[in-house]
Amino acid sequence: MHAREAAAASARVMAAVRARVARGELAAAEQELLAHLRTWREDARALHALAGILIETGREPVAVRVMETLLALEPLEPQHYLTLAALLDANGRRTELLPLYERMCAALPAHATAHFNRACALRSSGRDDEALAAHHRALALGIERPEECWSNIAAIHADLHRDADARAALEQALAANPHWAPARYNLGLWLEEHGQREAAIGEFRTVLGIDPHWHDARVRIAWLRRCERVDDPLLQEMRAALQTQGIHPLTRESLQFAIGKSLEDCGAYEDAFAAFAAGNRESRARVRSYDRAATETLFR
2 MHAREAAAAS ARVMAAVRAR VARGELAAAE QELLAHLRTW REDARALHAL
52 AGILIETGRE PVAVRVMETL LALEPLEPQH YLTLAALLDA NGRRTELLPL
102 YERMCAALPA HATAHFNRAC ALRSSGRDDE ALAAHHRALA LGIERPEECW
152 SNIAAIHADL HRDADARAAL EQALAANPHW APARYNLGLW LEEHGQREAA
202 IGEFRTVLGI DPHWHDARVR IAWLRRCERV DDPLLQEMRA ALQTQGIHPL
252 TRESLQFAIG KSLEDCGAYE DAFAAFAAGN RESRARVRSY DRAATETLFR
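Take the numbering used here: the last position of the sequence shown gets the number 301, and nothing is skipped along the way.
Okay, structure coming up:
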């Protein structure tokens, strides 16, 4: 009888809450849920709805507490972990992500995304070899987008100066998805670093074929080849990219320096100087001024 009564009460309050939310009456919906939860503390649907309203109204720290309660009630529901993780991340509580994903992997050992997220948290904690093992576990469990796993594996190997392993992982990513632009771009960087200029240019051109707005690929091409004339199509593309709304400041800076280099190549020195100056202005806005005393202290 108690279970049926709880289910009926839950159904009534959820119907009322959905109606209020549809009308935009979030405060009233929240009060309905709170009143209901005073009697039925373990109503998972009501707790989930309350967390949603708290998130919608910008009260993430309170939503975290509600999600923790919900997770204790339903530890086998993967979305609860992911919602809580997003809240912790949004509130700058990133050190709590790894313990959360450890709990998720323990509760759901066959959940590939749990192992992928744990791998990312391990890497953020500097535990690279454990992160590699967790990524491989996610792959063994058949994660939906293996190219992302392989790209992360490549990045870890690159950080550890395991160059051959990094390239092999990038090739695995591209075998899984030849149109995965991040792996294609990173393979271009690998080839550039290892002196294979033409092959690198080919990869960067492929990136632009996949995503014409990947302006950093244009920048790399500009540094890898000599510009012969001021009406070079690549130079015009980089100038046009600067007009893009919302372009990242670092990308804008990189474009200015690449434009300066290209103009210098073809002897347009005055325009090249102006582009370099513009790049320096972007850089000064992004990077702190050089502090000799602080730098010497750091080196000591």
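For every residue, glycine included, the Cβ atom is placed at its ideal position computed from N, Cα and C.
From a predicted model like this one, the values you see are computed outputs, not experimental measurements.
- State the start and end residues of the unbroken alpha helix (DSSP H) segment that holds Gly-210. Taking the sequence shown and counting its residues from 1, one reaches residue 210 at position 209. Here the alpha helix (DSSP H) through Gly-210 covers 198-211.
- Three-state secondary structure (DSSP) at Met-2? As a working note, residue 2 is residue 1 in the sequence shown. Caution applies to Met-2, whose pLDDT of 38 falls short of 50 and renders its modelled position unreliable; the model cannot decide the point.
- What number of angstroms, rounded off, separates the C-alpha of Val-18 from the C-alpha of Met-68? On the sequence shown, residue 18 is found 17 positions in, with the first residue counted as 1. On the sequence shown, residue 68 is found 67 positions in, with the first residue counted as 1. Going by the C-alpha atoms only, they are around 18 angstroms apart.
- Item | Through-space distance from Leu-256 to Arg-46, alpha-carbon basis | The residue labelled residue 46 in the question sits at position 45 within the sequence shown. The residue labelled residue 256 in the question sits at position 255 within the sequence shown. Approximately 50 angstroms, taken between the alpha carbons.
- Task: Starting from the C-beta of Ala-132, find all residues in its chain whose C-beta is less than 7 angstroms away, skip the five residues before and the five after it, and write them out in chain order.
- Result: Taking the sequence shown and counting its residues from 1, one reaches residue 132 at position 131. Ala-120, Leu-123, Arg-124, Ile-157, listed in sequence order.
- Task: Consult DSSP for Arg-21 and reduce its assignment to one of helix, strand or coil.
- Result: Here the question's residue 21 lines up with position 20 in the sequence shown. Note: Arg-21 maps to helix in three-state DSSP.
- Query: How is Met-261 classed by DSSP in three states: helix, strand or coil?
  - Reply: For the purposes of this step, residue 261 is identified with residue 260 of the sequence shown, where counting begins at 1. The sequence given here places Gly at residue 261; Met does not occur at that position. Look at Gly-261 here: in three-state DSSP terms it is helix.
- Item | Distance between His-216 and Ile-248 (C-alpha atoms, nearest Å) | Working through the sequence shown from its first residue, we reach residue 248 at position 247. Working through the sequence shown from its first residue, we reach residue 216 at position 215. Spanning the alpha carbons of Ile-248 and His-216 requires a straight line of approximately 9 angstroms.
- Message: In whole angstroms, give me the CA-to-CA distance for Arg-163 and Trp-191.
- Response: Reading the sequence shown from its first residue, position 162 is the one you call residue 163. Reading the sequence shown from its first residue, position 190 is the one you call residue 191. Spanning the alpha carbons of Arg-163 and Trp-191 requires a straight line of approximately 12 angstroms.
- Since Ala-52 contacts Leu-71 with CB under 8 angstroms, what's their CB separation in whole angstroms? Taking the first residue of the sequence shown as position 1, residue 52 is located at position 51. Taking the first residue of the sequence shown as position 1, residue 71 is located at position 70. Indeed they touch by this definition, with Cβ atoms about 7 angstroms apart.
- Message: Quick test of your reading: Glu-199 and Leu-188, contact by CB under 8 angstroms. State the CB separation rounded to the nearest angstrom.
- Response: What you label residue 199 is simply residue 198 of the sequence shown in a count that begins at 1. What you label residue 188 is simply residue 187 of the sequence shown in a count that begins at 1. A Cβ-Cβ distance of about 14 angstroms is found for the pair Glu-199 and Leu-188, leaving them out of contact under the 8 angstroms criterion.
- Query: If you drop the 5 nearest sequence neighbours on each side, which residues of the same chain put their C-beta closer than 7 angstroms to that of Leu-225?
  - Reply: In the sequence shown, the residue the question calls residue 225 occupies position 224. The answer, listed in chain order, is Glu-193, Arg-198, Ala-201, Ile-202.
- Determine the burial state of Glu-271: buried for a count of at least 16 other Cβ atoms within 10 Å of its Cβ, exposed for fewer. In the sequence shown, residue 271 corresponds to position 270, counting from 1. Result: exposed.
- For Ser-152, three-class secondary structure by DSSP: Residue mapping note: residue 152 aligns to position 151 of the sequence shown, counting from 1. Looking at Ser-152 - three-state DSSP - the assignment turns out to be helix.
- Message: Whether or not the segment 280-292 and the segment 221-241 are in contact is what I'm after, with contact meaning three or more pairs of Cβ atoms, one per stretch, closer than 8 angstroms; do they touch?
- Response: In short, these stretches do not touch, since the Cβ pair count stays below three.
- Query: For Arg-168, which residues from the same chain have a beta carbon less than 8 angstroms from its beta carbon, with the 5 sequence-adjacent residues on both sides left out?
  - Reply: Your numbering for residue 168 matches position 167 in the sequence shown. Excluding positions up to five away in sequence, the list reads Ala-155, Leu-188, Trp-191.
- What is the C-beta distance between Asp-129 and Asp-160, in whole angstroms, given that I count them as a contact (C-beta under 8 angstroms)? Indexing the sequence shown from 1 puts residue 129 at position 128. Indexing the sequence shown from 1 puts residue 160 at position 159. Going by Cβ atoms, the distance from Asp-129 to Asp-160 rounds to 7 angstroms, so yes, they are a contact pair.
- Report yes if the CB atom of Leu-38 is closer than 8 angstroms to the CB atom of Asp-44, and no otherwise. What you label residue 38 is simply residue 37 of the sequence shown in a count that begins at 1. What you label residue 44 is simply residue 43 of the sequence shown in a count that begins at 1. Contact annotation: Leu-38 and Asp-44 have beta-carbon atoms nearer than 8 angstroms.
- Buried or exposed: where does Phe-314 fall if 16 or more other Cβ atoms within 10 Å of its Cβ makes it buried? Only positions 2 to 301 of the chain appear in the structure, and residue 314 is not among them; the question remains open.
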